[in-house]
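Asks:
Structure (structure tokens):
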């Protein structure tokens, strides 16, 4: 072997597109990650243009306000972790967390931060833009358990103030506050009296300063619209109000999903694995959602009129997700095209299809009752016999998963009834492929893991929020994982004979865990795109075929690492 510096073949290809021997150079084949990034950029630009068309900003105040925010979130200084973020945040008296109202993960991440910041020797206060300050007494009554959800939402004029349904996610914050007896301060101004961004900052700034005058030793964690928490906006107003009271407080800012920072991670190939970055010592950013999902959460609200049950735009958006999956996986068939032309998509609360199914006798009454329960629980599903999708909410995760289920079912074409053991593994594979497809749309989507289920089992005895069914599912999942490792498991066959609800939740969980691993195995090259496509065409009709495929794939992805959950 000759000595010298080795250069890769790509580094030695001339600029004119030929090799040194004069033959045309082979085109560079993009990696799956590069293909996904290109798809993301296309969707981002399309969504950006749609958002511009919908924007109402006649005085230009939003653009000026947003420009100030944008200047401070162009870049980050270094990669970090949620542990480091929490450590820094604990040192501050006041922690501002950015909210994107239509994105449920924003509020869920806020709850996760509250869990990390709660300490037995430090009083915690929560500040929310969600409620106008004039309704503070109603907040107190609700936290004390004196009024129920319906009464509370009516009294705070929720339906009039929030044109989209964000209560389910904000309810998680109220439940956390109730559980640990943490006061909540309502921070937004009376919409009848102030309708400007700066006016809302002024009112919230006074409310926050007032809260500190009553609880000087507390730490306050505030969830407010992302643009408001730029240092020049709400934090400055709070500091001015505190100064009038002769006080100062250390502040810390947690942004969520800053676009420019996300794209800079993409340029460095880090967007799949990194979720927390430090901007400076008092500002961090959590990246829990790709920009296209943030955009789509708002567009979904714009496009879907729940009152009139119009779902033309819903079908259009759903077909766009199908297009993404088809493009990435290079799927095609005549049957698929026909199925797309006849596909029906229904959104949250639109249950007109149930009457049609009953009249056509497509499903038994028992099956219809199962569907009714799924609707009540906010679940989404694809019904192949009716070529119909129901979305329990407008989450892109739900839509991406059901778009994948649609493709898988149409391409494999199997609709038969199977013995319980085969049905168990067929259902797991169905869920695995569905979750994998949703990761193509939203690579930040998280799956439960073994650690999560072990925590459920460990905490059940002293955590009243963990239900009996949740415990049963956790035990079953962990039992199956031990079986996969070749360990003896007593009464293993009972796993296949649970009631419908437990059966579905166990197969759902095991499928998600495998689907998550398949996604990262594809990115690292452990499994090929062709092998994934084969799964879309596999009917699993033959006895033991789904079981064999599941265990084979588990072996392939056994050493595949998934990013740490926040």
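In this note's numbering, the protein residues as written are 837 to 1402. Ideal Cβ positions, reconstructed from N, Cα and C, are used throughout, including at glycine. Quick caveat, the model's predicted, so the values are computed rather than measured.
Hey, would you say residue 1247 sits closer than 9 Å to residue 1343, going by beta carbons?
Replies: Not in contact: residue 1247 and residue 1343 (Cβ atoms no closer than 9 Å).
Asks: Distance check for residue 1238 and residue 1329, CA to CA, integer angstroms please.
Replies: In a straight line, the C-alpha of residue 1329 is about 30 Å away from that of residue 1238.
Asks: Please state the DSSP three-state secondary structure of residue 1282.
Replies: The answer is coil: DSSP assigns residue 1282 none of H, G, I, E or B.
Asks: By how many angstroms is the C-alpha of residue 1347 removed from the C-alpha of residue 1263?
Replies: Each residue's alpha carbon lies about 8 Å from the other.
Asks: Report the option in 1189, 1151, 1184, 1196 whose CA atom is closest to the CA atom of residue 1177.
Replies: Residue 1177 has its Cα closest to that of 1151, out of 1189, 1151, 1184, 1196.
Asks: Tell whether a beta-carbon distance below 9 Å holds between residue 1233 and residue 1191.
Replies: Going by C-beta atoms, residue 1233 is not nearer than 9 Å to residue 1191.
Asks: Just how far apart, CA to CA, sit residue 923 and residue 1054?
Replies: Going from the Cα of residue 923 to the Cα of residue 1054 covers about 17 Å.
Asks: With 9 Å as the threshold, decide whether the Cβ of residue 1319 is near any Cβ in chain B.
Replies: Of the protein chains in this structure there is only one, and it is not chain B.
Asks: Would you mind listing the alpha helix (DSSP H) stretches within the region 1079–1141 that are 4+ residues and don't spill past its ends, in chain order?
Replies: The qualifying runs are 1095–1103, 1127–1139.
Asks: Return the chain-ordered list of same chain residues with a C-beta closer than 7 Å to the C-beta of residue 886, the five sequence neighbours on each side being excluded.
Replies: Within the same chain, residue 886 has close Cβ partners 1135.
Asks: How would you write the range of the beta strand (DSSP E) that residue 1219 sits in, first residue to last?
Replies: That run of the beta strand (DSSP E) goes 1217–1219.
Asks: Within 10 angstroms of the Cβ of residue 1352, are there 16 or more other Cβ atoms? Answer buried if so, exposed if not.
Replies: Buried is the call here.
Asks: Going by other Cβ atoms of all chains shown within 10 Å of its Cβ, with 16 needed for buried, is residue 1154 buried or exposed?
Replies: Answer is buried; the Cβ neighbour count reaches 16.
Asks: Looking at residue 943 and residue 1008, is the spacing between their C-beta atoms short of 9 Å?
Replies: It is a contact, given that the beta carbons lie within the stated cut-off.
Asks: Go through its chain and collect everything with a Cβ distance to residue 1269's Cβ below 7 Å, but skip five positions before and after it.
Replies: Cβ within range, chain order: 1240, 1244, 1351, 1371, 1372.
Asks: On the DSSP letters alone, give me the boundaries of the alpha helix (DSSP H) that residue 964 sits inside.
Replies: Residue 964 -> not in any alpha helix (DSSP H); beta strand (DSSP E) instead, spanning 960–968.
Asks: Please say whether residue 1119 and residue 908 have beta carbons closer to each other than 9 Å?
Replies: Yes, the pair counts as a contact, with Cβ atoms nearer than the cut-off.
Asks: Between 1187, 1261, 1201, which lies nearest to residue 1226 when the distance is taken from Cα to Cα?
Replies: The candidate whose alpha carbon is nearest that of residue 1226 is 1187.
Asks: Whole-angstrom Cβ separation of residue 819 and residue 978, contact assumed at under 8 Å?
Replies: Residue 819 is absent from the model: the chain starts at 837 and stops at 1402.
Asks: Roughly how many angstroms separate the alpha carbons of residue 1018 and residue 1249, rounded to a whole number?
Replies: Their backbone Cα atoms lie some 53 Å apart in a straight line.
Asks: Classify residue 1322 as helix, strand or coil using the three-state DSSP reduction.
Replies: It is coil, neither helix nor strand.
Asks: Does residue 1016 pass the burial test, meaning 16 or more other C-beta atoms within 10 Å, or should it be called exposed?
Replies: By the 10 Å Cβ count, residue 1016 comes out exposed.
Asks: Quick one: is residue 1197 buried, meaning 16 or more other Cβ sit within 10 Å of its Cβ, or exposed?
Replies: With fewer than 16 Cβ atoms within 10 Å of its Cβ, residue 1197 is classed as exposed.
Asks: Look at residue 902 and residue 1063 and say whether their C-beta atoms are less than 9 Å apart.
Replies: Yes, they are a contact pair.
Asks: Can you list, in chain order, the residues of its chain whose CB lies under 7 Å from that of residue 1295, leaving out five sequence neighbours each side?
Replies: Same-chain partners within the cutoff: 1302.
Asks: By Cβ distance, which residues of its chain are closer than 6 Å to residue 1397, with the 5 residues on each side in sequence left out?
Replies: Counting only Cβ-Cβ distances below 6 Å, and skipping sequence neighbours, we find nothing.
Asks: Count the other CB atoms, across all protein chains shown, that sit within 10 Å of the CB of residue 910; report buried if there are 16 or more and exposed otherwise.
Replies: With fewer than 16 other Cβ atoms within 10 Å, it is exposed.
Asks: Output the distance between the C-alpha atoms of residue 973 and residue 1074, rounded to the nearest integer angstrom.
Replies: When rounded, the distance between both Cα atoms is 23 Å.
Asks: Any idea which residues DSSP pairs residue 1224 with across the strands?
Replies: The partner list for residue 1224 (beta bridge, DSSP) reads 1180, 1219.
Asks: Anyone know if the C-beta pair for residue 890 and residue 1230 falls short of 9 Å?
Replies: Not a contact, by the Cβ cut-off of 9 Å.
Asks: Could I get the ranges of all uninterrupted alpha helix (DSSP H) runs contained in the region 1338–1387, with 4 residues as the minimum, in chain order?
Replies: Whole alpha helix (DSSP H) segments, 4+ residues: 1365–1373.
Asks: Where do the ends of the beta strand (DSSP E) carrying residue 1061 lie?
Replies: Looking at the DSSP string, the run of the beta strand (DSSP E) that includes residue 1061 is 1055–1061.
Asks: Need the endpoints of the beta strand (DSSP E) that residue 1021 sits in, please.
Replies: Unbroken beta strand (DSSP E) run through residue 1021: 1020–1024.
Asks: Excluding five sequence neighbours on each side, which residues of the same chain lie with their C-beta closer than 7 Å to the C-beta of residue 947?
Replies: 1008, 1009, 1012, listed in sequence order.
Asks: Pair every Cβ in the region 1088–1105 with every Cβ in the region 925–942, then say whether three or more of these pairs are closer than 8 Å.
Replies: The region 1088–1105, when compared against the region 925–942, does touch it at the 8 Å Cβ threshold.
Asks: Could you spell out the range, first to last residue, of the alpha helix (DSSP H) harbouring residue 1214?
Replies: Counting along the chain, residue 1214 falls outside any alpha helix (DSSP H), and DSSP gives it neither H nor E.
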